[in-house]
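**Q**
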Amino acid sequence: MMKEMKRPERGKSLFRFAAPQLFYPLAGALAPWFAGAAAVLTIIGLWLAFFVAPTDAQQGEVYRVIFIHVPAAWMSMFVYLIMAFWSAVGLVMNTRLSFMMARALAPTGAMFCVVALVTGALWGKPTWGAYWVWDARLTSQLLLLFLYFGFMALTEAIEDPRRADKAGAIIALVGAVNVPIIYFSVKWWNTLHQGASVSLTKAPSMAATMLAGMLVMALASWAYTIAVTLWRVRPLILERERHAEWVAAELDALEGRI
Amino acid sequence: MSRTLGPFAAVLRRDLLLAWRGRADVLVTLAFFVVVVCLFPFGVGAETNQLRSIAPGVLWVAALLATLLSLHRLFAQDHADGTLEQLLLSPEPTVLWVVAKIVAHWIATGMPLVLVAPALALLFDVEQGALGVLVLSLALGTPILALLGAVGAALTLGLRGGGMLLALLVLPLFVPVLIFGAGAVDSHLSGTGADAHILLLGGGLLGALALAPVACAAALRIAVE
Numbered sequence: 027m028m029k030e031m032k033r034p035e036r037g038k039s040l041f042r043f044a045a046p047q048l049f050y051p052l053a054g055a056l057a058p059w060f061a062g063a064a065a066v067l068t069i070i071g072l073w074l075a076f077f078v079a080p081t082d083a084q085q086g087e088v089y090r091v092i093f094i095h096v097p098a099a100w101m102s103m104f105v106y107l108i109m110a111f112w113s114a115v116g117l118v119m120n121t122r123l124s125f126m127m128a129r130a131l132a133p134t135g136a137m138f139c140v141v142a143l144v145t146g147a148l149w150g151k152p153t154w155g156a157y158w159v160w161d162a163r164l165t166s167q168l169l170l171l172f173l174y175f176g177f178m179a180l181t182e183a184i185e186d187p188r189r190a191d192k193a194g195a196i197i198a199l200v201g202a203v204n205v206p207i208i209y210f211s212v213k214w215w216n217t218l219h220q221g222a223s224v225s226l227t228k229a230p231s232m233a234a235t236m237l238a239g240m241l242v243m244a245l246a247s248w249a250y251t252i253a254v255t256l257w258r259v260r261p262l263i264l265e266r267e268r269h270a271e272w273v274a275a276e277l278d279a280l281e282g283r284i
Numbered sequence: 214m215s216r217t218l219g220p221f222a223a224v225l226r227r228d229l230l231l232a233w234r235g236r237a238d239v240l241v242t243l244a245f246f247v248v249v250v251c252l253f254p255f256g257v258g259a260e261t262n263q264l265r266s267i268a269p270g271v272l273w274v275a276a277l278l279a280t281l282l283s284l285h286r287l288f289a290q291d292h293a294d295g296t297l298e299q300l301l302l303s304p305e306p307t308v309l310w311v312v313a314k315i316v317a318h319w320i321a322t323g324m325p326l327v328l329v330a331p332a333l334a335l336l337f338d339v340e341q342g343a344l345g346v347l348v349l350s351l352a353l354g355t356p357i358l359a360l361l362g363a364v365g366a367a368l369t370l371g372l373r374g375g376g377m378l379l380a381l382l383v384l385p386l387f388v389p390v391l392i393f394g395a396g397a398v399d400s401h402l403s404g405t406g407a408d409a410h411i412l413l414l415g416g417g418l419l420g421a422l423a424l425a426p427v428a429c430a431a432a433l434r435i436a437v438e
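Protein sequences, first through last, are from chains B and P. In our numbering, each number is its position in the first sequence, counted from 1, plus 26. In our numbering, each number is its position in the second sequence, counted from 1, plus 213.
Laid out in structure tokens, this is it:
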């Protein structure tokens, strides 16, 4: 009923998908495609990583961890930026879906942070001789993980969803302002304390196949992030909109299927 | 002039008076600071050279933790007795009285730490020339901690387990202040001069003063909505 009445006003603008009711089926339709793309790209990327890319002259086979490590580190930072973007959109436009997107993104960002830290540690042991050094990049990655924890803990601790959304958005934005400050302060602190710093950027020239493998894996991470976020936002929408008629119909349909 | 300063001065005066009447609370923060600093020699050993080298970091971490522990008091009482809602409903600009509350909070809890720090530094045999830098770095840095912490305190207002949550939220944000604060004393001791660190702390204070009260006011509105 409601659907029929509202339809003429909406037009063809993409903004109509800001309505949770319309985004829910769209997310459901798009997620499998992105998941498929992620799977295919991961297989291609790992094949490039393990069978095509040459052995590194200085580091041997250990270097191959970068095919997972670098895309994960990139994604952990991108996801925070996207989270802050949705938070800002939510606060300015007061759109519920934006906050839900921010909350759906956070666990994936934290996961990529952990992956980057763990793979970095596994790479660091044979290369630097230690699982952990207080290098600027490692430290700021760790602090980024803490920022994700803070965001998730805050949004989970507040029971009122409106307050949780907005409080989470504020801390995400405060964190986003602080990320560059943290990065540069940690970098400076590090250079003050240890003269010859170990750096991830020392690879002078990278073989084309290595670069290709890394880029394919980065694309796979993007596709994975999008797919997982879309899947995670769907139950969030159902939970928030549970008083709406269309959710009741949707849940009935789901039960019927089981 | 007086129209802007009136509410600012009124809130400042009220909060300082409240802090004075409940001085025991304020003294607990100070005592915590002193006790934490005095714990470190038991943990790392009383070797003088080692103590001298860790002193700036220890004092700064202790000041940071003491600030953190006092933060929940910033808005909790006013939230409980409804003063906060009345303040938010009043026509006065929110940012103005938020700054007044933070300033009062810093005078009550932050400034005593700054004043006591040189005495504690002597326990760690820090050379006397560095005491001025230590006091200056704390005087510039602890207000930044109070400003950033106020945002966290407003966001976690009235939540279960708010204290732990507050720590998780604000401690990562405190890291740059810690780096430049402790770094100022370290670089003075190593002879490179503390100017750069002190200037960065000053810049950070101005930046925090411009941005944090706005975020804090928005967070307070959300919390009492």
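No residue lacks a Cβ here, since even glycine has one placed at the ideal position from N, Cα and C. No experiment lies behind these values; they were computed from the predicted model shown.
Given this structure, state the Cα-to-Cα distance separating L418 of chain P from V212 of chain B, to the nearest angstrom.
**A** 18 Å
**Q** Using only the alpha-carbon positions, how far apart do L245 of chain B and I252 of chain B sit?
**A** If you take the alpha carbons of L245 of chain B and I252 of chain B, they lie about 11 Å apart.
**Q** Taking a contact to mean a Cβ-Cβ separation below 7 Å, would you say A268 of chain P touches V339 of chain P in this structure?
**A** yes
**Q** Go ahead and pull the three-state DSSP assignment for G86 of chain B.
**A** strand
**Q** For the region 263-273 of chain B against the region 93-101 of chain B, are there 3 or more C-beta pairs whose distance is under 8 Å?
**A** no
**Q** Cβ of V105 of chain B less than 7 Å from any chain P Cβ?
**A** no
**Q** Could you check whether the Cβ of N120 of chain B sits closer than 7 Å to any Cβ belonging to chain P?
**A** Cβ-Cβ to chain P under 7 Å: no for N120 of chain B.
**Q** Going by C-alpha to C-alpha distance, which of B:M178, B:G201, B:G176 sits closest to F111 of chain B?
**A** For the residues B:M178, B:G201, B:G176, the minimum Cα distance to F111 of chain B belongs to B:G201.
**Q** Given that a residue counts as buried once 16 or more other Cβ atoms are within 10 Å of its Cβ, and exposed if not, what is E438 of chain P?
**A** exposed
**Q** Mapping the DSSP letters down to three states, classify A223 of chain P as helix, strand or coil.
**A** helix
**Q** For chain B, find out if any of its Cβ atoms is closer than 7 Å to the Cβ of A432 of chain P; answer yes or no.
**A** yes
**Q** Check the Cβ-Cβ distances between V388 of chain P and every residue of chain B, and say whether any is below 7 Å.
**A** At least one CB atom of chain B sits nearer than 7 Å to the CB of V388 of chain P.
**Q** Could you give the distance in angstroms between the alpha-carbon of S400 of chain P and the alpha-carbon of A407 of chain P?
**A** In a straight line, the C-alpha of S400 of chain P is about 6 Å away from that of A407 of chain P.
**Q** Please return the same chain residues whose Cβ sits closer than 6 Å to the Cβ of G135 of chain B, not counting the five positions on each side in sequence.
**A** S102, V105, Y106, Y174
**Q** Look up W158 of chain B in the DSSP assignment and say whether it is helix, strand or coil.
**A** coil
**Q** Can you have a look at A234 of chain B and say buried or exposed, based on whether 16 or more other CB atoms are within 10 angstroms of its CB?
**A** exposed
**Q** Just the chain P side, please: which residues come within less than 8 Å of F172 of chain B by C-beta, in chain order?
**A** L381, L384, P385
**Q** Tell me where the alpha helix (DSSP H) around G417 of chain P begins and ends.
**A** It spans 408-437 - the alpha helix (DSSP H) in which G417 of chain P sits, taken as one unbroken run.
**Q** Under the rule that 16 or more other beta-carbon atoms within 10 Å means buried, what is V250 of chain P, buried or exposed?
**A** buried
**Q** Whole angstroms are fine: how far does the CA of E305 of chain P sit from the CA of L180 of chain B?
**A** If you take the alpha carbons of L180 of chain B and E305 of chain P, they lie about 29 Å apart.
**Q** Return no unless some Cβ of chain P is closer than 7 Å to the Cβ of V200 of chain B.
**A** yes
**Q** Run the CB neighbour count on K192 of chain B, radius 10 Å, all protein chains shown included, and call it buried at 16 or more, exposed below.
**A** So K192 of chain B counts as buried.
**Q** If distances are taken between C-alpha atoms only, which option among B:I92, B:Q167, B:A279, B:A61 comes closest to F76 of chain B?
**A** The residue with the shortest Cα to Cα distance from F76 of chain B is B:I92.
**Q** Thinking just about the alpha-carbon of each residue, which of B:L262, B:A238, B:E281, B:G282 is nearest to the one in L67 of chain B?
**A** B:A238
**Q** For D338 of chain P, name the three-state secondary structure that DSSP assigns.
**A** coil
**Q** Using a Cβ-Cβ cutoff of less than 6 Å, which residues in the same chain neighbour W248 of chain B once the five nearest sequence positions on both sides are dropped?
**A** none
**Q** Quick one: grab the DSSP three-state call for A233 of chain B.
**A** coil
**Q** Could you name the residues of chain B that V364 of chain P contacts, counting a contact when the two beta carbons are closer than 9 Å?
**A** I196, I197, V200
**Q** Residues of chain P with CB closer than 8 Å to the CB of A179 of chain B, please, in chain order.
**A** L378, L381, L382
**Q** Which residue comes first and which comes last in the alpha helix (DSSP H) that contains P389 of chain P?
**A** 375-402
**Q** Going by C-alpha to C-alpha distance, which of P:L414, P:L240, P:G342, P:V316 sits closest to S403 of chain P?
**A** P:G342
**Q** Is it buried or exposed for T322 of chain P, if we count other Cβ within 10 angstroms and need 16 for buried?
**A** buried
**Q** Check this for me: beta carbons of L347 of chain P and V388 of chain P, under 7 Å apart or not?
**A** no
**Q** Quick check: is the beta carbon of K213 of chain B nearer than 7 Å to any beta carbon in chain P?
**A** no
**Q** Considering only residues of the same chain and omitting the five flanking positions on each side of L349 of chain P, which have a CB-CB separation below 7 Å?
**A** Hits under 7 Å: I411.
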